[in-house]
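Inspection log for the structure reproduced underneath, given as structure tokens.
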Amino acid sequence: MAASGSPRLHRMSRTLLVETRMCLAALQQNPPPPESLLAEHRVLRDALEQGDAARMTSVLEAHMADAVSRILDVTVVEPRSAAGGEPPALPA
35 MAASGSPRLH RMSRTLLVET RMCLAALQQN PPPPESLLAE HRVLRDALEQ
85 GDAARMTSVL EAHMADAVSR ILDVTVVEPR SAAGGEPPAL PA
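Following the numbering used here, the numbering of the sequence shown begins with 35 at its first residue and continues without gaps.
Spelled out as structure tokens, the structure:
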């Protein structure tokens, strides 16, 4: 992107890279099984090699939706207060 000579495109790509890294880090809290991830990536590769845009789009959308689900499914527990009290209860 830097080679494009476009400061705007370069800035946008840097932002996307930072957000991607943040999501990948968050995904480490609830990762998919390695076998499943490998199988999905193989299907994506095959669809790309075969030029099957519909299949590629469908599989990629499901792949990304699963990642979002896994990131959002991680329970966040608030830290204890400075006074050392109990952490707040999680919503039911």
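In this text, a Cβ means the ideal position worked out from N, Cα and C, and glycines have one as well.
Is the Cβ of residue i closer than 8 angstroms to any Cβ of chain C?
| i | result |
| --- | --- |
| M46 | Considering every chain present, this structure includes no chain C. It has just one protein chain. |
Let me make sure I understand the geometry here. Which of the options has the alpha-carbon closest to that of residue i?
| i | options | result |
| --- | --- | --- |
| P67 | M35, L82, H97, L106 | H97 |
| V93 | V102, S103, V77 | V77 |
| L106 | G39, A88, Q63 | Q63 |
So residue i and residue j are in contact, right, with Cβ under 8 angstroms, and what is the actual spacing, rounded?
| i | j | result |
| --- | --- | --- |
| M56 | L43 | Actually they are not in contact, since the Cβ atoms of M56 and L43 sit about 21 angstroms apart, beyond 8 angstroms. |
| R104 | L61 | 6 angstroms |
How about residue i and residue j: do their beta carbons lie closer than 8 angstroms?
| i | j | result |
| --- | --- | --- |
| M90 | A81 | yes |
Here's the rule: buried if 16 or more other CB atoms are within 10 angstroms of the residue's CB, otherwise exposed. What is residue i?
| i | result |
| --- | --- |
| S115 | No answer about S115 holds up, because its pLDDT of 45 lies below 50 and its placement is not dependable. |
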